[in-house]
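Taken in sequence, the protein lines are chains G and U. Counted from 1, the first sequence has number 313 at position 313 by this note's numbering; the numbering is strictly sequential. Counted from 1, the second sequence has number 174 at position 174 by this note's numbering; the numbering is strictly sequential.
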Amino acid sequence: MRLSAAFAKGRSSWIREGWALWALIVASVLIIYGSFILVGAPPGQTSLDLIRGSLGSAARITGTLREVTPLLIAGAAVFLALKAGLFNIGVEGQFTVGGLAAAVVALRIPGPPGVVLAIAAGMLAGGLLALPAAAIKAYRGGHEVITTIMLNNVAGLITTALVAGPLKAPDSQSPETATVSAASYLPDILHVGAIEVSSGLLIGTLVAAGLWIWLKRGVGGYELRAVGANPIAARFAGIDVRRVILRAMTWSGAIGGLAGSVQVLGFQHYFNPDLSSGYGFDALGVALIGGSTPLGLFPSATLFGILNKGGTTIQVIDQVPKGITYVVLGMLMVIAAAIRFRKVAFVN
Amino acid sequence: MSMLPIAKSLALGTIAWSAPLVLAAMGGFTSERSGIINIALEGKMLTAACAGFVCSMVWSNPYLPVLAAIGSATLLSLLHWLLTQKYRLDHVVSGMAINAIAAGGTNYLNNRFVSIGTSQIQVLPMTALWAIAYSLPFCLFLYSRYTRGGLRLFAVGNDPDKSRLLGVQPQRVRLLGLVATGVFTGLAGALLFTSAGQFTEGMTAGKGFIALAALIIGGWRPLHALAACLAFGFFQAVQLQLQGTKLAGADIPAQVFTSLPYIITVVALAGFLGKSKAPAGLGRL
Chain G
1 MRLSAAFAKG
11 RSSWIREGWA
21 LWALIVASVL
31 IIYGSFILVG
41 APPGQTSLDL
51 IRGSLGSAAR
61 ITGTLREVTP
71 LLIAGAAVFL
81 ALKAGLFNIG
91 VEGQFTVGGL
101 AAAVVALRIP
111 GPPGVVLAIA
121 AGMLAGGLLA
131 LPAAAIKAYR
141 GGHEVITTIM
151 LNNVAGLITT
161 ALVAGPLKAP
171 DSQSPETATV
181 SAASYLPDIL
191 HVGAIEVSSG
201 LLIGTLVAAG
211 LWIWLKRGVG
221 GYELRAVGAN
231 PIAARFAGID
241 VRRVILRAMT
251 WSGAIGGLAG
261 SVQVLGFQHY
271 FNPDLSSGYG
281 FDALGVALIG
291 GSTPLGLFPS
301 ATLFGILNKG
311 GTTIQVIDQV
321 PKGITYVVLG
331 MLMVIAAAIR
341 FRKVAFVN
Chain U
1 MSMLPIAKSL
11 ALGTIAWSAP
21 LVLAAMGGFT
31 SERSGIINIA
41 LEGKMLTAAC
51 AGFVCSMVWS
61 NPYLPVLAAI
71 GSATLLSLLH
81 WLLTQKYRLD
91 HVVSGMAINA
101 IAAGGTNYLN
111 NRFVSIGTSQ
121 IQVLPMTALW
131 AIAYSLPFCL
141 FLYSRYTRGG
151 LRLFAVGNDP
161 DKSRLLGVQP
171 QRVRLLGLVA
181 TGVFTGLAGA
191 LLFTSAGQFT
201 EGMTAGKGFI
211 ALAALIIGGW
221 RPLHALAACL
231 AFGFFQAVQL
241 QLQGTKLAGA
251 DIPAQVFTSL
261 PYIITVVALA
271 GFLGKSKAPA
281 GLGRL
C-alpha cells in the first residue's frame, strides 16, 4: 500500500462510516428540490411530470427510447476505455465526426449497402479521431483527458466549417447537410402497440452485450481488464500494455463514431453541428453509473434517457429550465463515483 | 490602408482576448501544481460570469458583482477540493461533474432570473481587470520560486508522500491552491461579463479549455503559460482581422484559425515541441 493511502485511511474515517455519502445524497436532493421550489414548481408534482413526460404514453416512450439509443452506444464507448483505465472524454467529438461521415456516405450511396458503408465510415472516422489520443497515451504518456478534450474542439470546429462550406445542402439556410434518402434510414424493428423500436436500439444492445461477453470471455477482454486494474502487473504478466491501450482507445472512438452514425441514419437523417447536443458528455455519466459490467449500461442509459426526455416536459409544464437535468446528471456522477470509491478502497 | 491602425487593433485585440485566458490559466496553475487535475476551469468561469451578472442587475455597484463572481467560482473550487480530497473521487470525474453542474445551473439561472433587455450595468473598468490579469503570472512566478508557500505548492504537486514526511499537509496546501483557482477563475468570469456587458449561456465558449491548453503548452510554468495565452489571443485577433478577406486567393474558414490552439496542444502533448514536464504527482492522493 502506498504511504499516502495509509495516511488518508487513518484520517478520513468519517468517509468510511458512510454518513458522508448520505450527506452527499441528501445535499443533492435538497439542491434539486430547492431549485424546483425557487421557480414555484412543487417538487412532488414536478418529479411526477418528469416521469409522465418520459413514460406517460406510447409516443413519449418512443421518444425516450430515441434518447436511450445514443446514450447506450456512447456509454459503451466510454465504458470500454474506462475498463482499460482510460477516460475517453472525446466521445462528443467522435460522435460528431462519425455522424458527419455517415451522412456523407449515405448521401452518396443510397439503400442498404450504403447504410452498412455509412456505419463503417462513421466508425472509421470516430476511431481515427481517437487515434492521436490513443497513440500519445500509449507511446508518449500524454494524458488522454487533455488530448481528447482538445480533439473534441477540433472536431466540432472542423465539422462546422465543412457543413457551412463544401458539404452544405445547397437549398438550406443553415449549416447542415442534405437529408439522406428514406432508403438509407435505419428501419424500425418492432412495434409494441404504438411504441416504435428502432434497429438503432438493437445495434446498441448488441454492442453492449458483445462488450460484456468479450470482456468476460475474450483473451483481449481479459488483457484489457488486466491493464485497467494494474498496468504494471499486466506488463509483468507479459501483456503488451501499449498495444492494449492503443486498441482500447481507438475502438472506444470507433464505437463513439458508431453512436453518431446511428443518430444520423436512425433518427435525425441529416447532419448539423448540434447532432450530439451533449450525448458524448452524458455518456461519461452513463458509463460511471453503469458500474462494473456493460449490462449496467442498460439501466443507466434508460435513467439518462428519462431525464433527457422528461426534462423537456418539466421545462414546458412546470417552467423548470432544462438545465436542471444537467445538474442532476453531475450530481449522479459524483454520487456514483463516491460509491465506487468506497467499494474499491474497503471491499478489496 | 496603413499598417499602424492594423497593428494597434491587433495589439488591443490580443490583450482583450488573452486576459481571461491568462486568469484562467493561472487558476489552473495553482490547482495543477498542487497535484489536482482541473478540467473544471470552464465551468468555474461560466458560473462566475453568470453569478456576477445576476448580481450586477440587482445591485448597482461595480465591486459587489466581482465579489459574487469570485465567491461562486471559489465555492465550486471548494467542492472540487472536497470531492477529490475527502471523497477521493477521480479528479477527472469531479471536474466533469462540476462542468455539468455549472452548465445546467447557469442555464437555470439565466432562464428564470435574467430579464432580457436589462439596463446598463455598473462595471469595473476593463483596464483594472487587465492589470490584474497581466501582473498575475509574474507574481505567481516569484511566489512559486522564492517563497515558502510556493515551494510547498510545488513539493505537494510533485510528491505528496515525501511532502507528508517533511510535515507538509498536502490537503491543506491543495485547499489554498484551489481557493486561489476559485479567485482567479472568478476574476476571469468577471472579465467576461464585464467586457460583454451581459451574460449569455455558454459564453465561455471553450476558453477554460484553451486556458488549460496554454498551461500545458507552457509546461505548467506561469510565464510560459502567459506567452501561450498571448499567442492564442493573437491568433484570435488575426482571425477577426482577416474575417471576410481572402488569404492567398482562398477563403479560409474562421474555424481553421480557432482550432489552432487545440491542434498545437495535441502536438505539444505528443512531445514534438520539446519535453514539457507535468507535475509528477498530478492526480495522486
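We put the CB at the ideal spot given by N, CA and C, even for glycine.
Looking only at DSSP bridge pairs, what is residue i linked to?
{"i": "G:H350", "result": "For residue 350 of chain G there is no data in the structure shown, the boundaries of chain G being 1 and 348."}
Out of curiosity, what's the CA-to-CA distance linking residue i and residue j?
{"i": "U:I98", "j": "G:V104", "result": "36 Å"}
{"i": "U:R145", "j": "G:A229", "result": "38 Å"}
{"i": "U:T127", "j": "G:L275", "result": "40 Å"}
{"i": "U:N111", "j": "G:Q315", "result": "10 Å"}
{"i": "U:F53", "j": "U:F199", "result": "6 Å"}
{"i": "G:N153", "j": "G:P132", "result": "14 Å"}
{"i": "U:R152", "j": "U:R221", "result": "15 Å"}
{"i": "U:A196", "j": "G:L297", "result": "42 Å"}
{"i": "G:I239", "j": "G:E92", "result": "30 Å"}
{"i": "G:I339", "j": "G:R247", "result": "29 Å"}
{"i": "U:V156", "j": "U:G167", "result": "11 Å"}
{"i": "G:V327", "j": "U:G43", "result": "12 Å"}
{"i": "U:A48", "j": "U:A227", "result": "25 Å"}
{"i": "U:V266", "j": "G:M150", "result": "7 Å"}
{"i": "U:I70", "j": "G:A23", "result": "26 Å"}
{"i": "U:L41", "j": "U:V183", "result": "11 Å"}
{"i": "G:G204", "j": "G:H143", "result": "29 Å"}
{"i": "G:V344", "j": "G:G291", "result": "Since pLDDT at G:V344 reaches only 46, below the 50 mark, its modelled position is unreliable, and the value read off the structure follows with that caveat. So the alpha carbons of these two residues sit roughly 12 Å apart."}
Pick helix, strand or coil for residue i, following the three-state DSSP scheme.
{"i": "U:R272", "result": "Note that residue 272 of chain U is Phe in the sequence shown, not Arg. The answer is strand: DSSP assigns U:F272 an E or B state."}
{"i": "G:G98", "result": "helix"}
{"i": "G:E176", "result": "coil"}
{"i": "U:E201", "result": "coil"}
{"i": "G:Y185", "result": "coil"}
{"i": "G:N153", "result": "helix"}
{"i": "U:P279", "result": "coil"}
{"i": "U:H91", "result": "helix"}
{"i": "U:N61", "result": "coil"}
{"i": "G:A169", "result": "coil"}
{"i": "U:Q120", "result": "coil"}
{"i": "G:L87", "result": "The residue asked about is misnamed: residue 87 of chain G is Phe in this sequence, not Leu. If DSSP states are grouped into helix, strand and coil, G:F87 belongs with coil."}
{"i": "G:K322", "result": "coil"}
{"i": "U:C220", "result": "It is worth fixing the name first, because residue 220 of chain U is Trp in this sequence and not Cys. The answer is coil: DSSP assigns U:W220 none of H, G, I, E or B."}
{"i": "U:Y108", "result": "helix"}
{"i": "U:Q169", "result": "coil"}
{"i": "U:G177", "result": "helix"}
{"i": "U:I36", "result": "coil"}
{"i": "G:Y270", "result": "coil"}
{"i": "U:L131", "result": "Strictly speaking, residue 131 of chain U in this sequence is Ala, with Leu absent from that position. Note: U:A131 maps to helix in three-state DSSP."}
{"i": "G:S54", "result": "helix"}
{"i": "G:G280", "result": "helix"}
Give me the residue from the options with the minimum Cα distance to residue i.
{"i": "U:A100", "options": "G:A338, G:A234 and G:G323", "result": "G:G323"}
{"i": "G:K216", "options": "G:G165, G:L80, G:I32 and G:A74", "result": "G:L80"}
{"i": "U:L296", "options": "U:G202, U:V66 and U:A225", "result": "Not covered by the structure: residue 296 of chain U. The range shown for chain U is 1 to 285."}
{"i": "U:F113", "options": "U:L124, U:M57 and U:P160", "result": "U:M57"}
{"i": "U:R174", "options": "U:L282, U:T14 and U:G271", "result": "U:L282"}
{"i": "G:A59", "options": "G:G90, G:L246, G:A194 and G:P187", "result": "G:A194"}
{"i": "G:K83", "options": "G:P231, G:G141 and G:T96", "result": "G:P231"}
{"i": "U:S163", "options": "U:W17, U:I15, U:A280 and U:G28", "result": "U:A280"}
{"i": "U:L124", "options": "U:T194, U:G35 and U:A278", "result": "U:T194"}
{"i": "U:G186", "options": "U:P20, U:T14 and U:G13", "result": "U:P20"}
{"i": "G:G349", "options": "G:Y185, G:T179 and G:G330", "result": "Summary: the structure shown does not reach residue 349 of chain G, with chain G confined to residues 1 through 348, and so no result is reported for it."}
{"i": "U:G95", "options": "U:A133, U:F141, U:Y134 and U:S31", "result": "U:S31"}
{"i": "U:A131", "options": "U:T265, U:L23, U:G206 and U:G177", "result": "U:L23"}
{"i": "U:A286", "options": "G:S172, G:N308, G:T159 and G:Y326", "result": "Since the displayed chain U opens at 1 and closes at 285, residue 286 of chain U lies outside it and no answer follows."}
{"i": "U:T258", "options": "U:V66, U:G206 and U:R284", "result": "U:G206"}
{"i": "G:Y354", "options": "G:S184, G:A161, G:V78 and G:L38", "result": "Because residue 354 of chain G is not part of the residues shown, which for chain G are 1 to 348, the question remains open."}
{"i": "U:G28", "options": "U:P160, U:H80 and U:G71", "result": "U:H80"}
{"i": "G:A155", "options": "G:K309, G:N272, G:A20 and G:T313", "result": "G:N272"}
{"i": "G:W19", "options": "U:K86, U:G35 and U:N61", "result": "U:K86"}
{"i": "U:R172", "options": "U:S34, U:A213, U:L64 and U:I252", "result": "U:S34"}
{"i": "U:L176", "options": "U:L136, U:S77 and U:I39", "result": "U:S77"}
Would residue i pass as an interface residue toward chain A - the criterion being a Cβ-Cβ separation below 8 Å?
{"i": "U:F209", "result": "Here chain A cannot be found, since the structure's protein chains are G and U."}
Is any heavy atom of the ligand PLP found at a distance shorter than 7 Å from the C-beta of residue i?
{"i": "G:T179", "result": "No copy of the ligand PLP appears in this structure; indeed no ligand is present at all."}
Quick one: any contact between the stretch 113-127 of chain G and the stretch 295-312 of chain G, if contact means 3 or more CB pairs under 8 Å? No contact exists between the stretch 113-127 of chain G and the stretch 295-312 of chain G.
Count the C-beta pairs between the stretch 199-212 of chain G and the stretch 94-114 of chain G that are closer than 8 Å, then say yes if the count reaches three, no if not. no
| query | Between the stretch 228-241 of chain U and the stretch 11-20 of chain U, do at least 3 Cβ pairs fall closer than 8 Å? | reply | yes
Are the stretch 39-50 of chain G and the stretch 258-265 of chain G touching by the rule of at least three beta carbon pairs closer than 8 Å? no
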